[in-house]
Amino acid sequence: PRGRPGNLEVVGSAVVEAPAARSRLVRAVLGSCPDGGWAAFVGVADIGWEWAHQEGLDLDRVLVVAVPGHVSAALVCSLCLDAVDVLCVGRAALSPEEQRRLAARARARGHRIITERPWPGVSRPLATGLREAV
1 PRGRPGNLEV VGSAVVEAPA ARSRLVRAVL GSCPDGGWAA FVGVADIGWE
51 WAHQEGLDLD RVLVVAVPGH VSAALVCSLC LDAVDVLCVG RAALSPEEQR
101 RLAARARARG HRIITERPWP GVSRPLATGL REAV
């Protein structure tokens, strides 16, 4: 999917913030995930899976995880980082310390985290770390 025109190839930071627009989130995932790679969406609302599939997201290689209140979001995200190339984090409750640990884990594994909201001191806005794939 990386070479598909219109995908957003994310460069630089291991953790980037995607805007609320689902199209940019999906295109950032497509641009970050290697061919045959896996992506997990943790605490992310419905992104329009049929549309995402039409854009090139291989739903056979996607994990969608809701995080109930009694489950540690940090643990769920950490486990997902062990299994996927790209982790999308929505409204999962993570402390700044947990965000830093997850970022370090992603960097160590060469994986990417895409967040729906800023992780102060950890994430970079998507607009500063992307380019159109050609």
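For what it's worth, UniProt numbering labels the leading residue of the sequence shown as 1, then goes sequentially.
We put the CB at the ideal spot given by N, CA and C, even for glycine.
Computed from a prediction, not measured in an experiment: that's the story for all the values here.
Straight-line CA distance for residue i to residue j?
i           : j           : result
residue 72  : residue 79  : 11 Å
residue 108 : residue 51  : 32 Å
residue 126 : residue 92  : 19 Å
residue 18  : residue 118 : 9 Å
residue 2   : residue 68  : At residue 2 the pLDDT is 43, less than 50, meaning the model places this residue with poor confidence; the figure from the coordinates comes in the next sentence. Approximately 33 Å between the Cα atoms of the pair.
residue 96  : residue 123 : 11 Å
residue 70  : residue 32  : 31 Å
residue 113 : residue 28  : 10 Å
residue 48  : residue 106 : 26 Å
For residue i, which of helix, strand or coil comes out of DSSP?
i           : result
residue 130 : Low confidence applies here, because residue 130 scores a pLDDT of 44, under 50, leaving its location unreliable; read the following figure in that light. Three-state DSSP puts residue 130 in a strand.
residue 96  : helix
residue 112 : strand
residue 76  : helix
residue 91  : coil
residue 142 : Any question about residue 142 goes unanswered here, given that the chain covers just 1 to 134.
residue 7   : Because residue 7 sits at a pLDDT of 47, beneath the cut-off of 50, its placement in the model cannot be relied upon, and the following sentence gives the value as read from the coordinates. Of the three classes helix, strand and coil, the one that applies to residue 7 here is coil, per DSSP.
residue 122 : coil
residue 86  : strand
Mind reading off the beta-carbon distance from residue i to residue j? Whole number of angstroms is fine, and I expect it under 8 Å.
i           : j          : result
residue 61  : residue 37 : 7 Å
residue 42  : residue 16 : So it is not a contact: roughly 15 Å between Cβ atoms.
residue 87  : residue 81 : 6 Å
residue 102 : residue 74 : 7 Å
residue 40  : residue 63 : 4 Å
residue 53  : residue 85 : In fact, because the Cβ distance is near 18 Å, the residues do not count as touching under 8 Å.
Please confirm whether any heavy atom of the ligand GTP lies closer than 6 Å to the CB of residue i.
i          : result
residue 33 : The ligand GTP is absent from the structure shown, which contains no ligands of any kind.
How would you label residue i, buried or exposed, when you count the other beta carbons within 10 angstroms and need 16 or more for buried?
i           : result
residue 147 : Outside the modelled stretch of the chain, which goes from 1 to 134, sits residue 147, for which no answer is possible.
residue 90  : buried
residue 83  : exposed
residue 222 : Residue 222 is absent from the structure shown; the chain starts at 1 and stops at 134.
At least one CB of chain B closer than 7 Å to the CB of residue i: is that the case?
i          : result
residue 64 : Annotation note: the requested chain B is absent from the structure, which comprises a single protein chain.
Practice item. Within the segment 32-73, note down every full beta strand (DSSP E) run reaching 3 residues or more, in order along the chain. Key: 39-42, 62-65
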